[in-house]
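Visitor:
Numbering (my numbering), first residue to last: 50 to 1171.
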């Protein structure tokens, strides 16, 4: 397109108008949420993961994950050329914060809004696919996702808070691209990126830290057409062509910016891209992708149009005038009249609250030209809509209306400073920015902008630009140094160079600058000109610096630079060592540089410098070098903060939880210990341990946390070093670290007995048992734990943890420590059994299984004694616990081949039931039997009569039957039969509310009889649940069989049962036990031929009983028994 034909504003307006419907869909979504809740991420194979993600949890996730595969659902393969990341299946991930689901629902709505999905028609659902962990070096090459599940149409990735760099996401579709760098806000925000399935995406390598992401499949759940990407690629190409032409047009006719009027007005608090809806969101998405590709920036602002004039109060309806000027409605004083403008005296249009698409303020007011808006007459379009505010003064006849709409601003990146720093105040802010940010990559461009506008304040412009140049040599590009020397005499630039060296903050840039000057001088000296010739040419024509003068100056400056070292950075180690080598070698390093470095350096630099010096081959290994390394290492250790404080700036409040304790820095301590051995200074480990174990500045709570999270893991780390590295025979100070760490951790356990987890006890045990020596465990840890009032879960943790690691313990021959330790562990197990709540049958069976698992079956009697002799043996306890326990207890006893041994349990429970629940039968009552017989004459079979008759005939504990809403005729019909057949057996009364009903109440004798019979029937059912075989029942109930069955039959007038063998006399010699298992007891087992045999069949085979006999209610319970 020719330059004279180019009209950016008109072309963009034309494309926006003719392709309006094509702008209603985006291919991707990006949103950053500072208000996202903490999901309380729980992994089934790990537990709760803390956020923001730390190194320890990241490594734990990695150990429990698998390397992610690539491919389709039918064929997957791990290909690290495509991706290097770790994945955990979504089925293993749960969220303990219920608010998380609400947040994801909000995300789905916002994603669908941007992607142009009809939420009502599609009813989308997000299904968690996987949790992905990216570490340093992890990446994902350009890839298009396969459809993971039927109905999937898009992917949503939720990046959880963590600290990392790199990992920029690139999304591409057709001619559009979107680039999202989320690392700068990754610590404080949760970020969401979403895209359609046919969009190509790529994740650049993570350069540091960890990136944790939840991957969701967005599913279409209705029978309507599945959402699909429908971007018109021709439209994209047309918009791209206009933007590309604009980017290359630097003529005066080219607009500085274009302002698009959007469809809706969005709140200023906060105004950001994620707040846009519908077509506005789609337009932003389209232009955002093109802007990134072609070098443009986007922002949002509010257009404010204020009309001021006189009101016309004449009678008129809502005519064209009212519609034209967007009336706000009818006032109370004018009732049906529309107050409108008779004349508009003033129109005022401003663009305010200018922000970027993330909502960050750019400036409060944005100046603009008439040729920079779409539509061209912005005021006219604003006036056509409904006004937002109206002020009408009927006494003065004045009318004011305010119209508000959101606008989208786009401008070329080359005009960034002209857009951001508009007006006189903009020039001032530009100067202030250059002064405050001297070392950014944008300094040169900003300086050029200030010089271009020097007419605003030329003195201020010169002052700030010169100060920026003097601030450091890094402000001068490398190639320009030689150019300056070629163009100017040395005396003209020497003072500036000295000022730049003086003010530069970095050692490497100062040394590098001097090397550049020296290289220039040496290369120039290699020419044929002599110094005399240079002097002559300098005076006449050449006007350049003389190499000899530059070299002389450099030779003076290098020692000065090395005597005035700045606080060094880790990346400067090699520069400093090279400088020492060229200026006196080891002696110069020791005498001149080292004192400065020890005084001014951060410990992280000193540690890296130790490694660099150790590996620096130009300084051979010697006692002098070893002494310097040891000295540097000692200083680094003394400066390091091993008890790291939490961040002073606020992070997410729901992640910090008001934490006051200091955060232990385990990786820091491990790095230092590793360095000590790596550079040949193992004696320095004791310095580290002295620093770490000095908890005098910590509160008791902080010291205990330090032991739990720092000291004990460090003991295990040192022990592992000795195991994996045969050259490390001992670690200086390890015994001190072990002793203090264990004592402090035991103090923590004493004060927090309810939270001793398996992980915490494993830390304690690993620290106490070094190289298999269990003396610290048995002589210190176990006695302290025995003196602590531990929680029930903690007791179990101790027993299981010690048993799990028992094989590691090495006791000397003849030592009694092993037996003593086993007795101690048994005592913990006994405490657990005696204190474990037993509220339900399955808990009792689980406790019995646990005794078998820990190989202490003698503890069975403790459990049995507890449930057979509770503090309160009442009806509820018997009915709700003991009776339901019997079938499960029978299966458990069969499983361990001990049914005969525990037969007394069945006898004792049933005798208790007979005594407390059943009781003696009612005395024989011939009259009652005759009255019941009379019910046979009740011949009516209607529903109401049947219900009443069944109530009186059936054996149940219910005494009163209420029949509501029968109506008067039905109620009278029922009462006729009640009067005729229930005399003496029941009474009845009328329910007088409409419609009428009837209440029937059993007589005392009938109620007593039917209640006892109901319990008697339950007794038969209890026996049948234990076993349907009469022979087996005889075997289980033993000498109590006849008495129990007779009592249930009602043949024993007054039962006074003699309870069987007391539990505390349980035989000590139990039969052989099944192999210990912690799995649920199986109700059947496999025979040799593969057929399943039940527990009862096993009993038959053992006892030889074959006859089956089910207790029959009719044989035991007959109504005539009364």
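The beta-carbon is built from N, C-alpha and C at its ideal position, and this holds for glycine as well. Owing to the predicted nature of the structure, the values given are computational and were not obtained by experimental measurement.
May I ask you to verify whether the stretch 1062-1073 touches the stretch 1025-1042, counting CB pairs closer than 8 Å and requiring at least 3?
Guide: no
Visitor: With burial defined as no fewer than 16 other Cβ atoms inside 10 Å of the residue's Cβ, what is the status of residue 709: buried or exposed?
Guide: In this predicted model, residue 709 has a pLDDT of only 40, less than 50, meaning its place in the structure is not dependable enough to derive any value.
Visitor: Taking buried to mean at least 16 other C-beta atoms within 10 Å of its own C-beta, is residue 758 buried or exposed?
Guide: If you draw a 10 Å sphere on the C-beta of residue 758, you find 16 or more other C-beta atoms in it, and that means buried.
Visitor: Suppose contacts are defined by Cβ-Cβ distances below 8 Å. Is residue 277 in contact with residue 75 by that definition?
Guide: For the 8 Å CB-CB criterion, residue 277 and residue 75 do not form a contact.
Visitor: DSSP state of residue 287, grouped into three classes?
Guide: helix
Visitor: With three or more C-beta pairs closer than 8 Å as the rule, is the stretch 302-319 touching the stretch 85-102?
Guide: no
Visitor: Taking only runs that begin and end inside the stretch 714-751, name each unbroken alpha helix (DSSP H) of 4 or more residues, in chain order.
Guide: 715-727, 734-742
Visitor: What residue range is occupied by the uninterrupted beta strand (DSSP E) comprising residue 193?
Guide: Where residue 193 is concerned, the enclosing beta strand (DSSP E) stretches over 189-193.
Visitor: Roughly how far, in whole angstroms, is the beta-carbon of residue 310 from the beta-carbon of residue 454, given that I think they are within contact range, below 8 Å?
Guide: About 6 Å separates the two Cβ atoms, so the contact holds.
Visitor: Let me know if residue 504 comes out buried or exposed under the rule of 16 or more other beta-carbons within 10 Å of its beta-carbon.
Guide: exposed
Visitor: Is DSSP giving residue 950 helix, strand or coil here?
Guide: coil
Visitor: With 16 as the cutoff for other CB atoms within 10 Å, does residue 888 come out buried or exposed?
Guide: Of the residues assessed, residue 888 falls on the exposed side of the cut-off, its CB having fewer than 16 other CB atoms within 10 angstroms.
Visitor: Near residue 337, which residues of its chain fall below 8 Å by C-beta distance, leaving aside the five closest residues on each side in sequence?
Guide: 227, 322, 347, 406
Visitor: Tell me which residues share the same chain as residue 291 and place their Cβ nearer than 8 Å to its Cβ, disregarding the 5 neighbours each side in the sequence.
Guide: 57, 60, 61, 64
Visitor: Going by C-alpha distance, which of 222, 810, 816 is nearest residue 285?
Guide: The alpha carbon of residue 285 has as its nearest neighbour, out of 222, 810, 816, the alpha carbon of 222.
Visitor: Round the Cβ separation of residue 339 and residue 288 to the nearest angstrom and send it over; I've been treating them as touching at under 8 Å.
Guide: Yes, residue 339 and residue 288 are in contact; Cβ-Cβ is about 6 Å, under 8 Å.
Visitor: Using only CA atoms, which one of 813, 179, 440, 880 lies nearest to residue 360?
Guide: Minimum Cα distance to residue 360 is reached at 440.
Visitor: Along the chain, where does the beta strand (DSSP E) that runs through residue 309 open and close?
Guide: 307-310
Visitor: Where do the ends of the alpha helix (DSSP H) carrying residue 1002 lie?
Guide: Annotation: the continuous alpha helix (DSSP H) that includes residue 1002 extends over 992-1002.
Visitor: Spatial neighbours of residue 273 within its chain, please: C-beta separation below 6 Å, excluding the five flanking residues on both sides.
Guide: 170
Visitor: Can you check the stretch 913-974 for any alpha helix (DSSP H) of at least 4 residues that lies completely inside it and give the ranges in chain order?
Guide: The DSSP assignment places 932-944, 952-962 as complete runs of the alpha helix (DSSP H) inside the stretch 913-974, in order along the chain (cut-off: 4 residues).
Visitor: Since residue 77 and residue 220 should fall inside the 8 Å C-beta cutoff, what is the C-beta to C-beta distance between them, to a whole number of angstroms?
Guide: 5 Å
Visitor: Comparing C-alpha positions only, which one of 210, 159, 164 sits nearest to residue 246?
Guide: 164
Visitor: Short of 7 Å in beta carbon distance, which residues of its chain neighbour residue 1125, apart from the five on each side in sequence? Order them along the chain.
Guide: For residue 1125, the pLDDT reaches just 39, beneath the cut-off of 50, and the residue's location in the model is therefore unreliable, although a value from the coordinates is still provided. Excluding positions up to five away in sequence, the list reads 901, 902, 904.
Visitor: Might you give, ordered along the chain, the residues of its own chain that have their beta carbon closer than 6 Å to the beta carbon of residue 176, omitting 5 neighbours on each side?
Guide: 266, 268
Visitor: Taking only three categories from DSSP, how would you classify residue 151?
Guide: helix
Visitor: Count the other C-beta atoms from every protein chain shown that fall within 10 angstroms of the C-beta of residue 501, then say buried if there are 16 or more, exposed otherwise.
Guide: exposed
Visitor: Cβ of residue 724 within 8 Å of Cβ of residue 660?
Guide: yes
Visitor: Which value, in whole angstroms, describes the spacing of the CA atoms of residue 853 and residue 802?
Guide: For residue 853 and residue 802, the distance between alpha carbons rounds to 21 Å.
Visitor: Within its chain, find whatever has a CB closer than 8 Å to the CB of residue 1024; leave out the 5 residues flanking it on each side and keep chain order.
Guide: 1037, 1039, 1047
Visitor: Would you mind giving the Cβ-Cβ distance between residue 806 and residue 841, rounded to the nearest angstrom? I have them listed as a contact below 8 Å.
Guide: Not really, about 13 Å apart at Cβ, beyond 8 Å.
Visitor: What residues match up with residue 351 in a beta bridge as DSSP calls it?
Guide: 401, 455
Visitor: Does the stretch 132-143 come close enough to the stretch 178-186 to have 3 or more Cβ pairs within less than 8 Å?
Guide: Contact between the stretch 132-143 and the stretch 178-186 is present: 3 or more CB-CB pairs across the two stretches fall below 8 Å.
Visitor: Starting from residue 275, follow the beta strand (DSSP E) in both directions and report where the run begins and ends.
Guide: Looking at the DSSP string, residue 275 is not in any beta strand (DSSP E), and its letter there is neither H nor E.
Visitor: Among 463, 231, 928, 206, which residue has its Cα nearest to the Cα of residue 212?
Guide: 231
Visitor: Taking the alpha carbon of residue 980 as the point to measure from, which residue in 203, 1034, 301 has its own alpha carbon closest?
Guide: 1034
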